[in-house]
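Some notes on the structure that comes next.
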Amino acid sequence: MNLTHDPQARSWLASANQPGCDFPIQNLPFAVALRKGAQENARGMVAIGDQAIDLAQLAMAGAAAGFSGLAGEALLAASGSTLNALMAMGPKAWSALRLGLFNALKAGSPAQAAVQPCLIPLADLAYRLPAQVADYTDFYASVHHARSVGKLFRPDNPLTPNYQWVPIAYHGRSSSLQLDGYAFRRPRGQILPPGASAPVFSACKRLDYEFELGVFLGQGNVQGEPIPIDQTEEQAFGMVLLNDWSARDIQSWEYVPLGPFLAKNFCTTISPWIVTLEALEPYRQPWSRPASDPQPLPYLEDRSVRERGAIDIQLETWLQTEAMAKAGKAADRIATSNFNHCYWSIFQMIAHHTVGGCNFQPGDLIGTGTQSGPTQAEAGSLLELSEGGKTPLTLPNGETRTFLQDGDTLILKAFCEKPGAARIGFGQCAGTVLPALG
Ligand code: CA
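Below, the structure written as structure tokens:
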């Protein structure tokens, strides 16, 4: 930890010091955005309170705002239309830029006059994907999710024999990545009706969400040269909320033998603000495995992972139906969990992904898999919350849900909070279901 984590630190921007604010001076997450309706290029932004700092404008202020050397180079790299160049620079540059931003924003900073004109209200921003994502891989790293889902798909064999040894994943689809606020059409596909021997072509009837975290990768590696587990820390730029929208009925028919395909490739949404690994530092925790479970093979075993490979991130799922929206009712919280239940750490995921020689590139994205906790109330999907569609959820307005209906808006939120550290938040990742075509 360093002075950028000091819970007593305050900004000259009053909104950053409000209790419960997602973006205090200890957070400083990155996004790419432009002003709504403006004819201008998207560029890197950093959130502070209810404002964003336009990094392209700040780069023009340069030394007057206190940015020179490595911090100045990183600021320039962050001022383009994607953050790939910043991600490629690695942790020394990320840290130098963070420290520069912290110094420019802290109460009493001589840079205040140079930074003030670079502020844009968050409410005025139109976001773009923060990076050009060449590849996106989705892991399956919650054992609680794997067990509950496995029970529904394979009652006799819920956890496959490889699960406790291999960080399981499938290759996701980058082209259908979207941001918070996106509305997508309910997918259609092949579905095997209960008891039938041949599939029908139909709109998905079991549309679901999956509460995941996403990790944006930094420098990457040369093909054929795996990232050793003790160097994975330097590869993770930061994290976002990620919803891996899932068509359960399409999935159950298509997933054998190569895993999900059309059930998952129609849309994945992420939150716009990337919370850096450095900002998450106060919330790192020991990672462990029950002693009765198989322990990781040596290439996935590391002292640093054992000491601080888990991250204490509190997760909340909210649902607003179309009827609630029309009645002016806010979303209801339907589940909570914590990322520290994850069976594999993000560092083990990175080491495993590259161990055969696969190369990461700056801006690649990995999903952690649905983050369900040990109890039913901590489930990260409706499949689990409704026990495979058997037990509907009843919402406070009397509506019920097994799976998502047209007009539903599902919202993921997350934050880190504990005594002795500043609370930091991720913002949100919402998505709305539109009726299927036809
Ligand atoms: Ca998933």
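For the sequence shown, position 276 (counting from the first letter as 1) is numbered 279 according to this note's numbering, and the numbering increases by one without interruption. Just so it is clear, CB atoms sit at the ideal spot from N, CA and C, and this is done for glycine as well. The structure displayed is predicted, hence computed values, not measured ones.
Hey, is residue i close to ligand 2, as in C-beta under 7 angstroms from one of its heavy atoms?
i	result
Gly434	In the structure shown, ligand 2 is absent; the only ligands present are ligand 1.
Should residue i be listed as close to ligand 1, given that the test is whether its C-beta is under 7 angstroms from any heavy atom?
i	result
Gly372	yes
Asp141	yes
Asp247	yes
Glu387	no
Glu257	no
Glu215	yes
For residue i and residue j, I'd like the C-alpha separation in whole angstroms.
i	j	result
Lys421	Ala239	23 angstroms
Phe350	Asn400	42 angstroms
Ala326	Ser145	33 angstroms
Ser249	Asp211	5 angstroms
Gly40	Leu128	9 angstroms
Ser18	Gly83	27 angstroms
Thr405	Leu180	25 angstroms
Gly1	Glu215	Because the chain is modelled from 4 through 441, residue 1 falls outside the range shown and cannot be assessed.
Asp138	Gly111	43 angstroms
Gly65	Leu16	20 angstroms
Thr163	Gly262	13 angstroms
Phe429	Ile277	8 angstroms
Ala417	Ser200	43 angstroms
Glu236	Ala134	20 angstroms
Ser189	Phe204	Going by the sequence as given, residue 189 is Arg instead of Ser. Each residue's Cα considered, the two are about 13 angstroms apart.
Asn87	Pro260	35 angstroms
Ala451	Gly198	Lying outside 4 to 441, the shown extent of the chain, residue 451 is not represented and no answer is given.
Arg13	Ile337	34 angstroms
Ile194	Val243	32 angstroms
Gly376	Leu31	28 angstroms
Gly52	Ala67	22 angstroms
Leu303	Val169	10 angstroms
Gly241	Val118	24 angstroms
Asn341	Ser307	21 angstroms
Gly392	Gly312	35 angstroms
Glu381	Ala62	43 angstroms
Ala107	Arg38	23 angstroms
His148	Asp9	35 angstroms
Glu43	Ala36	10 angstroms
With distances taken Cα to Cα, identify the nearest neighbour of residue i among the options.
i	options	result
Pro438	Gly428, Pro395, Ala77, Asp409	Asp409
Ala77	Cys419, Ile28, Gly331, Ala91	Ala91
Ile33	Ala116, Gly366, Ala66	Looking at the sequence shown, residue 33 is not Ile but Phe. Checked all of Ala116, Gly366, Ala66; the closest Cα to Phe33 is Gly366.
Thr357	Leu220, Ala117, Pro377, Leu245	Leu220
Ala186	Gly428, Ile427, Phe418, Ile414	Ile414
Leu182	Ala201, Ala149, Asn246, Pro197	Asn246
Glu390	Phe204, Ser151, Leu303, Phe142	Ser151
Trp321	Ser384, Leu86, Pro289	Ser384
Glu213	Ala126, Pro297, Phe142	Phe142
Thr7	Met63, Leu37, Ser98	Ser98
Glu402	Thr324, Gly372, Arg306, Leu61	Thr324
Gly47	Arg131, Arg251, Gln167, Cys345	Arg131
Gln54	Trp347, Gly153, Ile123	Ile123
Leu58	Val308, Tyr258, Phe105, Cys121	Cys121
Gln431	Cys24, Trp290, Arg101, Pro202	Cys24
Gly69	Ala45, Leu100, Pro94	Leu100
Glu228	Ile56, Phe363, Val436	Phe363
Pick helix, strand or coil for residue i, following the three-state DSSP scheme.
i	result
Trp97	helix
Ile353	helix
Pro301	helix
Thr7	helix
Phe105	helix
Cys432	strand
Leu86	coil
Asn362	coil
Arg188	strand
Thr235	helix
Cys270	coil
Lys416	strand
Ser3	No answer is possible for residue 3: the residues shown for the chain start at 4 and end at 441.
Gly331	coil
Asp159	coil
Arg13	coil
Glu215	strand
Asn44	coil
Arg209	coil
Ala126	helix
Asn341	strand
Ser307	helix
Asn400	coil
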